[in-house]
Amino acid sequence: MAKGTKPGSKPEAQEEVVEAAPKKSKKKLIIIVVALVLLLAVGAVAALLLLKPAHPTGTENTDAAGKTETTETPTEPAKFIDLGTFTTNLSPEEGDRFIQVSISLKISRAELETMVTTSAPEVKHRVNMLLQSKLPSELATAEGKNRLAAQIKVQIQYVLGLRKTAPLIGTAQMDAPADPKVKGGLDEVLFTSFIIQ
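The sequence shown begins at 2 in this note's numbering and counts up one residue at a time.
Structure below.
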């Protein structure tokens with residue numbers, strides 16, 4: 002009997018045990034290499050996401066008809082223009098009600114600031130007329146307020162010459178259809194105060 006072998010065991014079985022040990026270490030090595038490759042891939046993806054610019058160079062807008070248009074992101078920082086506070090009666094629904102709202106405009110083109118200032122009487126007239134055409138129930142929800150902001154934006158775009166077609170004012174006023182020829186620059190209409198009594 003060979004030295005180091007158990008009685009009754011075969012030397013061939015011992016050789017298989019010795020050969021099996023290196024296979025396990027190869028499996029461990031492969032698992033470690035795969036784990037490192039996965040870790041590097043996750044790190045690379047994370048680095049790409051963190052180093053990617055925060056704002057894309059262009060944004061896509063989709064209108065109600067499903068048409069997509071790409072607009073360039075402004076290079077100038079946004080400016081805010083205060084239009085003032087508007088106090089007016091609403092259309093009668095259940096008694097007399099009035100609205101008091103403070104409006105600011107967010108613009109991304111500096112030349113619009115002087116255009117808004119020089120056109121202020123017409124802008125304020127159109128906003129007042131639009132507010133007077135609203136029912137209190139139309140403005141009770143966030144959706145109604147958002148619709149009003151969009152309608153005010155369309156009115157101001159028309160006054161500033163950014164939109165060619167004149168929007169309607171009145172109870173039959175619908176949301177303005179998307180006009181592909183509208184020039185940009187007037188980004189948002191913001192309500193800094195909104196009271197209905």
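Cβ coordinates follow ideal geometry from the N, Cα and C atoms, glycine included.
Whole-angstrom C-beta distance between residue j and residue i, which should lie under 8 Å
| i | j | result |
| --- | --- | --- |
| L113 | G186 | 5 Å |
| V160 | S103 | Incorrect: roughly 19 Å between the Cβ atoms, too far for contact. |
| R110 | E77 | 7 Å |
| V124 | L91 | Actually they are not in contact, since the Cβ atoms of V124 and L91 sit about 20 Å apart, beyond 8 Å. |
| V183 | Q158 | 6 Å |
| T166 | S105 | Rounded, the Cβ-Cβ distance is 25 Å, inconsistent with contact. |
Chain-order list of residues whose beta-carbon lies under 6 Å from that of residue i (same chain, five-residue window excluded)
| i | result |
| --- | --- |
| I196 | Q101 |
| A42 | none |
| P75 | Low confidence applies here, because P75 scores a pLDDT of 47, under 50, leaving its location unreliable; read the following figure in that light. Same-chain partners within the cutoff: S109. |
Residues of its chain near residue i, where Cβ-Cβ distance is below 7 Å and the 5 sequence neighbours each way are ignored
| i | result |
| --- | --- |
| K107 | A79, F81, D188, E189, L191 |
| N1 | Because residue 1 is not part of the residues shown, which for the chain are 2 to 198, the question remains open. |
| T115 | none |
Residue range of the beta strand (DSSP E) that includes residue i
| i | result |
| --- | --- |
| V190 | 187-197 |
Sequence-distant residues of its chain with Cβ nearer than 8 Å to residue i (five each side left out)
| i | result |
| --- | --- |
| L131 | L149, Q152, I153, Q156, I170, Q174 |
| E94 | L136, P137, S138 |
Run of the alpha helix (DSSP H) containing residue i, from where it starts to where it stops
| i | result |
| --- | --- |
| I157 | 143-160 |
Every unbroken alpha helix (DSSP H) within the segment 79-135, with a cutoff of 4 residues, ordered by chain: 112-119, 121-133
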